Structures are given as structure tokens and as C-alpha cells.
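Notes follow the structure.
There are 2 protein chains.
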Amino acid sequence: MSIADWDRDNCAVGNTLAVIGERWTLLVLREAFLGVRRFEQIQRNTGMARNILSDRLNTLVANGILRREPYQERPVRDEYRLTEKGLDLYPVLVTVMTWGMRHAMDDAAPTMLLQHKSCGSTRLPELACPDCGETVGARDMRALPGPGATLRASA
Amino acid sequence: MSIADWDRDNCAVGNTLAVIGERWTLLVLREAFLGVRRFEQIQRNTGMARNILSDRLNTLVANGILRREPYQERPVRDEYRLTEKGLDLYPVLVTVMTWGMRHAMDDAAPTMLLQHKSCGSTRLPELACPDCGETVGARDMRALPGPGATLRASA
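In the order they appear, the protein sequences are chains A and B.
The first sequence begins at 1 in the working numbering and counts up one residue at a time.
The second sequence begins at 156 in the working numbering and counts up one residue at a time.
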């Protein structure tokens, strides 16, 4: 069974992109990870149109990635905080940032650093094998069919 | 200077999403990392409309992430291969897949596994600090202004 012929239904990548695979959504998440929680601030920092921001926040809340928390009573105002499910998206943002630092900055100096709190390192985290600890990239890994893989009907 | 007030111009995340921050683009990259290189196969595996696929392939080639390589002479037919710059996107796809395995599969069995060639592990790679080797998540890291950080004009 060639990898080209596996069915792509219920693919973890496809299912994830259905929720977060969109530029504005990921910029909202960038702000969330930077602790920016209020509509007006997110709008200012991303330059998004208000209706688009409102729509993306609703989608993220509906998918359990952000939750609303009131910070003011009269009038009621909510801020947006990452849930545990949302915090689990941190590696996606870090790998996007890492690629961008290398390939999308046109030699501009980095505007942001990430620091590992416990050891103080400001070198960006890298993907590593949890068994042997080696750093891994595309050439170090192979894809195999999982228990849920099915052959494409038309293959 | 609060992190909320740094300018977001030349942000590595924003600049990257301008190129790949879109669901179809990332599905094309998924196929590329699985070794699926031909237009017809990518179209079949993603279900994309042909004009959208054509547009996204052109964008990826124009940005140096994919390159065209002829595989047939009459008529001329090209396939699409990842460049080094494209291969560097592997961690983005892996972290998207990892989140999806955990949060976007509705208890379906995984359709794909990734195996570390050198040690045989099929546990998914994790982000680790390159200095101390510790696995890191959102709570272990802090953002700091980089040398290119500037204060927002309106702040």
C-alpha cells in the first residue's frame, strides 16, 4: 500500500487546519500567547477588520481553544484566554516563528526572542525524538500507515 | 515596555503566515512531505479545485518552497519537489499533526504514524530546549523583545 493511496479522511493535519488553518486565526493565537486578551488590543496588534476578528474569536471559542472571561461588569466586557487545548497549540506557533526567523525576515533583526524559563536559553526550541533525544528534521523521519489508515476507494 | 505594545511589523509569525497561512497551502505541503509530487495526485488527495491548487503551487514555487522538475518531455509535465527552504517547514506540519492527533480526531484511530528512522521510535517528536534538552511547552517559555523590537507609534 503506497502512501499516495491512503485515504485522507480523518487526517490529523486536515482536521486541524479546518479549525486553525487560516492566517488571521493564527495571528489571533499569536496575540493570545503574548498575553493580549482584549478585543481592542488584538484588533490593534493584528490590523484585522472588526467583523473578521469577531468571527475568528467566535470560532476559536466554539472549538474550545479560547474561553471568554468577564473583566468588567457594566457594561459587560469579556477577555479571551487560552484553554488547555489552546495552550497545546504553542508548538505550532513556535515552529512557524522559527521558520520565519530563518526564511521570512529579509535580514531584519528579530523582533522577539523566546526564553526557556528554567535554564535561561534564548535558542529556539527544536523538534526532538522523545525516545532517543536526537533533534529531528524531515530527512530523519518516515511516515507509516496508522491503525486507522484505509485504502482510497478509487485507488 | 509591555509586550502588548511592541510593533508587529516584521514579525516572524506574520511574515510566515503571509506565505503559508492558509488551509489549502498547508494541505499541499502535507502531500509534498508524503512524497506526492504530481498535480493530479495532489488534487485527488486534497480534493482541491484545480484552479486553487494551481494558484497555491505557483505561490509556493514563487516563494522558493517548492521547485518544478520535469518528469515527462512530450507533452512537458512538471512535478513539484520541496526545496531546502520547504523541507524546513517539516516541524510546522509535525506540530499541526500532533495537536490534531490529540484534539481533532474524535477518538478515530490515527491514519498515520511518524517513525524516527535512526532509533525506530514512533512516538511523535516534541519541542525541546536545544541547551538543556528539556521538553518545553507554553508555560515553560517567555517572550522577550528582540534586537529589532520597536515601540508601537500609537502606544
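Cβ coordinates follow ideal geometry from the N, Cα and C atoms, glycine included.
Predicted model only: the values in this text are computed from it and were never measured.
Listed in chain order, the beta strand (DSSP E) runs fully inside the region 76 to 119 of chain A are 77 to 82, 112 to 116, counting runs of at least 3 residues. The beta carbon of M267 (chain B) falls within 8 Å of a beta carbon belonging to chain A, placing the residue at that interface.
Listed along the chain, the chain A residues whose CB falls inside 9 Å of the CB of I207 (chain B) amount to none; the nearest CB is some 14 Å away. Beta-bridge pairing by DSSP links P130 (chain A) to no other residue.
Under a criterion of Cβ atoms nearer than 9 Å, the residues of chain B adjacent to M97 (chain A) are, in order, C166, A167, V168, T171.
For the options A:D5, A:S2, A:N15, the alpha carbon positioned closest to that of H258 (chain B) is the one of A:N15. Under DSSP, A143 (chain A) takes part in a beta bridge, and its partners are B:L269. For the region 24 to 36 of chain A, the beta-carbon criterion of a distance under 7 Å to any beta-carbon of chain B is satisfied by L26, L27, R30, F33, L34, G35, V36.
Between V136 (chain A) and T250 (chain B) the beta-carbon gap is near 12 Å, outside 8 Å, which marks them as no contact.
Between L172 (chain B) and L26 (chain A), the beta carbon gap of about 5 Å places them in contact (Cβ cut-off 8 Å). In the pairwise beta carbon analysis, the region 51 to 58 of chain A is classified as not touching the region 118 to 125 of chain A: fewer than three pairs are separated by under 8 Å.
For A217 (chain B), no chain A residue has a Cβ inside 7 Å of its Cβ, as the nearest lies near 14 Å away. Annotation: Cβ neighbours of E126 (chain A) in chain B (cutoff 8 Å, chain order): P246, L282, A283, P285. DSSP, read as helix, strand or coil, puts L124 (chain A) in coil.
Note on E228 (chain B): under 16 other CB atoms within 10 angstroms of its CB, so exposed under the neighbour-count rule. Close partners of P75 (chain A) in chain B (Cβ separation under 8 Å) are lacking, with about 22 Å as the shortest Cβ gap.
For R223 (chain B), the enclosing beta strand (DSSP E) begins and ends at 221 to 227. Between P280 (chain B) and D131 (chain A), the alpha-carbon positions lie close to 9 Å from each other. Per DSSP, reduced to three states, the secondary structure at L34 (chain A) is coil, with no helix or strand assignment.
Taking N63 (chain A) as reference, the option from A:P70, A:E84, A:E79 with the minimal CA-CA separation is A:E84. Under the three-state reduction of DSSP, T201 (chain B) is assigned to helix. For the set B:L237, B:R223, B:N165, B:A293, the Cα lying nearest the Cα of G303 (chain B) is the one of B:N165. Of A:Q41, A:A153, A:A12, the smallest CA-CA separation from D78 (chain A) is found for A:Q41. Residue range 167 to 175 is occupied by the alpha helix (DSSP H) that includes I175 (chain B).
Among the residues of chain A, those whose CB is under 8 Å from the CB of D295 (chain B) are H116, K117, S118, following chain order. For M105 (chain A), the neighbours in chain B by C-beta distance under 7 Å run, in chain order, N165, A167, N170. The beta carbons of A138 (chain A) and Y245 (chain B) sit about 4 Å from each other, so the pair counts as a contact at 8 Å.
Between Q115 (chain A) and M296 (chain B) a beta carbon distance of about 7 Å is seen, short of the 8 Å cut, so the two are scored as contacting. Chain-order list of chain A residues neighbouring R257 (chain B): D88, by C-beta distance under 8 Å.
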